[in-house]
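Heads up: the structure comes next, in C-alpha cells.
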Amino acid sequence: MNRIGYFFLYLALIVVAMFQILPLIWLFIFSLKDNREIFAGSPFALPSEFRWENYVKVWDGGIGVYFFNSVWITIVAIILTVLFASMATFAITRMKWKLSGLVLGLFMIGLMIPIHSALIPLYSMFMGVGMIDNPWSIVLTYTAYNLPITMMILLGFYYTLPKEVEEAAIIDGCSIHRMFFRIILPMTTPVMATTVVINMIYNWNEFVFVNTFISSEKYKTLTVGIQNFIGQYMTDWGAIGATLIISVLPIIIAFIFFSNKVVEGISSSAVKG
Numbered sequence: 047m048n049r050i051g052y053f054f055l056y057l058a059l060i061v062v063a064m065f066q067i068l069p070l071i072w073l074f075i076f077s078l079k080d081n082r083e084i085f086a087g088s089p090f091a092l093p094s095e096f097r098w099e100n101y102v103k104v105w106d107g108g109i110g111v112y113f114f115n116s117v118w119i120t121i122v123a124i125i126l127t128v129l130f131a132s133m134a135t136f137a138i139t140r141m142k143w144k145l146s147g148l149v150l151g152l153f154m155i156g157l158m159i160p161i162h163s164a165l166i167p168l169y170s171m172f173m174g175v176g177m178i179d180n181p182w183s184i185v186l187t188y189t190a191y192n193l194p195i196t197m198m199i200l201l202g203f204y205y206t207l208p209k210e211v212e213e214a215a216i217i218d219g220c221s222i223h224r225m226f227f228r229i230i231l232p233m234t235t236p237v238m239a240t241t242v243v244i245n246m247i248y249n250w251n252e253f254v255f256v257n258t259f260i261s262s263e264k265y266k267t268l269t270v271g272i273q274n275f276i277g278q279y280m281t282d283w284g285a286i287g288a289t290l291i292i293s294v295l296p297i298i299i300a301f302i303f304f305s306n307k308v309v310e311g312i313s314s315s316a317v318k319g
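First residue of the sequence shown? That's 47 in this note's numbering, and the numbers climb one at a time after it.
Next comes the structure, spelled out in C-alpha cells:
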C-alpha cells in the first residue's frame, strides 16, 4: 500500500476514533455542570465553573460502597474463572483420557444456553442453601457462566504449546501440579490477559443477577446501586453524570493497559498447531 493509501486509511481510523471518544468527552463535560448549564447551554460547551464537587457528592453519598463491591466481586470471579478454566483446558488438551472430548462438549454446551434463562432455577437453588442476599452467589454465578467462553479462548493456545516442554519437565521429576503452575500458566500469560479483560467487562457491567439475588445496600454493585443515585439526585444531573463516569472509568483503564495483550492473545489462540 502506497503512502496515499496509508494516509486515507489513518484518516478514516482517526474519524472513527473521534466518533467513539466523543460520547465520553460529552459525558465528562456533562458531569462537571449544574442543571442550569446542562439545560440552558450548548451540550458541548465547557462549564463556566468546573464542579468537581459533583464527584465528591456521589462518593460521599454511598457510591464508594458499590464501587468497592464491584471491584472485589469482579476480581474474585475473574481469578476463579481463569484458574478453573486453565486447569480444565490443560486437562482436556494436554492429558490423554477417554472422556476428554465428552467433557469438553459439556462445557461448550454452556455457550448455547442464554445466560438469564437459568435465573429462576438459580434463585431457587440459592434460596434453598441460604445464599440469597449473599455476594458469593454472584461470584459463583459469574464463575460458572464465564467458564465456557474462557475455555474456548484458551483452547487454541493450549493446542499450540510444545509438548517437548512438558516432556522435559517430567524427565526432570516435575509433578503434574508443579508443571501446570510453574511452567504452563506462565507460558499462557498473553491469552490469560485476553480472558481477564473479557471477564472483567461482563462481571463489571452485569445487572440482572445482582438485581435479583442482592437486596441489601451494603452488597450491591455499581450497576445496581447507581439506580439509587438516579432517584436520589433526580434533579442533579451533574451528579448523575459523575456517577456514570466513575462506573465506566475502570473499563477504560483496563483497555488502555491491556489492549495489546488482548489482540496478542486472540491472535495466538486462533491458530491451532
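For every residue, glycine included, the Cβ atom is placed at its ideal position computed from N, Cα and C.
Keep in mind that this is a model prediction, so the values were computed, not measured.
- Per-residue burial, W250 [other beta carbons within 10 Å of its own, 16 or more giving buried]: Walking along the sequence shown from the start, residue 250 turns up at place 204. W250 is buried by the Cβ-count criterion.
- Item | Inter-stretch contact (C-beta, 8 angstroms, three-pair minimum) for the stretch 157-175 and the stretch 229-241 | no
- Query: By Cβ distance below 8 angstroms, which residues in the same chain neighbour L126 in space, the five residues on each side in sequence not counted?
  - Reply: By one-based count along the sequence shown, residue 126 stands at place 80. Excluding residues within five positions, the ones whose Cβ falls inside 8 angstroms are V185, T189.
- Is it the case that the Cβ atoms of V270 and I286 are separated by a distance below 8 angstroms? Taking the first residue of the sequence shown as position 1, residue 270 is located at position 224. Taking the first residue of the sequence shown as position 1, residue 286 is located at position 240. No, these two residues do not count as a Cβ contact at 8 angstroms.
- Query: Using the beta-carbon count (16 or more within 10 Å), is F76 buried or exposed?
  - Reply: The count along the sequence shown starts at 1 and reaches residue 76 at position 30. With 16 or more Cβ atoms within 10 Å of its Cβ, F76 is classed as buried.
- Query: Where does E263 fall in DSSP's three states?
  - Reply: If you number the sequence shown from 1, residue 263 lands on position 217. DSSP places E263 in helix when its eight states are reduced to three.
- Message: On a Cα-Cα basis, can you pick out the residue from H223, W182, R49 that is closest to S116?
- Response: Your numbering for residue 116 matches position 70 in the sequence shown. The shortest C-alpha separation from S116 is found at W182.
- With 16 other CB atoms within 10 Å as the buried threshold, where does L290 fall? Counting from 1 along the sequence shown, the entry for residue 290 is found at position 244. Buried.
- Query: Which residues in the same chain have their Cβ closer than 6 angstroms to the Cβ of K266, if we skip the five residues on either side of it in sequence?
  - Reply: Start at 1 with the first residue of the sequence shown, and residue 266 comes out as number 220. Result list for K266: Y112, I260, in chain order.
- Query: For the alpha helix (DSSP H) that contains V175, what are its first and last residues?
  - Reply: Translated into positions along the sequence shown, residue 175 becomes position 129. First-last for V175: undefined, no H or E at that position.
- Query: Per the contact definition of three or more C-beta pairs closer than 8 angstroms, is the stretch 202-215 in contact with the stretch 150-164?
  - Reply: no
- Give every residue of the same chain whose Cβ lies closer than 7 angstroms to the Cβ of N192, excluding the five residues on either side of it in the sequence, and list them in chain order. Numbered from 1 along the sequence shown, position 146 holds the residue referred to as residue 192. These residues qualify, in order along the chain: T127, N245, Y248.
- Assign S132 to buried or exposed, taking buried as 16 or more other Cβ atoms, counted over all protein chains shown, within 10 Å of its Cβ. Working through the sequence shown from its first residue, we reach residue 132 at position 86. So S132 counts as buried.
- Message: Please classify I50 as buried or exposed, where buried requires at least 16 other C-beta atoms within 10 Å of its C-beta.
- Response: Mapped onto the sequence shown, residue 50 falls at position 4. I50 comes out exposed.
- Three-way DSSP call (helix, strand, coil) for M233 in this model: The residue you call residue 233 lines up with position 187 of the sequence shown. Three-state result, M233: helix.
- Message: Which same chain residues end up closer than 8 angstroms to N100 when comparing Cβ atoms and leaving out the 5 residues on each side of it in sequence?
- Response: In the sequence shown, counting from the first residue as 1, residue 100 sits at position 54. Here the set comprises S77, L78, D282, G284, A285, G287, A288.
- Item | Spatially closest choice to L201 from I217, G151, G219, by CA coordinates | If you number the sequence shown from 1, residue 201 lands on position 155. Among I217, G151, G219, the Cα nearest to that of L201 belongs to G151.
- In or out: V175 buried (at least 16 other Cβ within 10 Å) or exposed? Counting from one through the sequence shown, the residue named residue 175 turns up at place 129. Looking at its Cβ environment, which holds fewer than 16 other Cβ atoms inside 10 Å, V175 is exposed.
- Query: Which of helix, strand or coil does DSSP assign to I222?
  - Reply: Counting from one through the sequence shown, the residue named residue 222 turns up at place 176. I222 falls in the helix class under three-state DSSP.
- Message: For a quick check, are the C-beta atoms of F153 and A137 less than 8 angstroms apart?
- Response: Mapped onto the sequence shown, residue 153 falls at position 107. Mapped onto the sequence shown, residue 137 falls at position 91. No.
- Message: Rounded to the nearest angstrom, what separates S221 and A123 at their Cα positions?
- Response: As a first step, residue 221 must be located in the sequence shown, where it is residue number 175. As a first step, residue 123 must be located in the sequence shown, where it is residue number 77. In a straight line, the C-alpha of S221 is about 28 angstroms away from that of A123.
- Who are the near neighbours of T187 in its chain, counting only those whose CB is closer than 6 angstroms to its CB and skipping five residues on each side? Taking the sequence shown and counting its residues from 1, the one referred to as residue 187 is at position 141. F255, listed in sequence order.
- Count the other C-beta atoms from every protein chain shown that fall within 10 angstroms of the C-beta of M225, then say buried if there are 16 or more, exposed otherwise. As a working note, residue 225 is residue 179 in the sequence shown. Under this definition M225 is a buried residue.
- Message: Between which two residues does the alpha helix (DSSP H) holding P181 run?
- Response: As a working mapping, residue 181 is identified with position 135 in the sequence shown. It spans 181-206 - the alpha helix (DSSP H) in which P181 sits, taken as one unbroken run.
- Message: What residue range does the alpha helix (DSSP H) around E99 cover?
- Response: One-based indexing of the sequence shown puts residue 99 at position 53. Segment 99-104, the alpha helix (DSSP H) holding E99.
- Item | Residue interval of the alpha helix (DSSP H) (run including M133) | Residue numbering aside, residue 133 sits at position 87 when the sequence shown is read from its first letter. Taken as a continuous stretch (DSSP letters only), the alpha helix (DSSP H) holding M133 covers 110-140.
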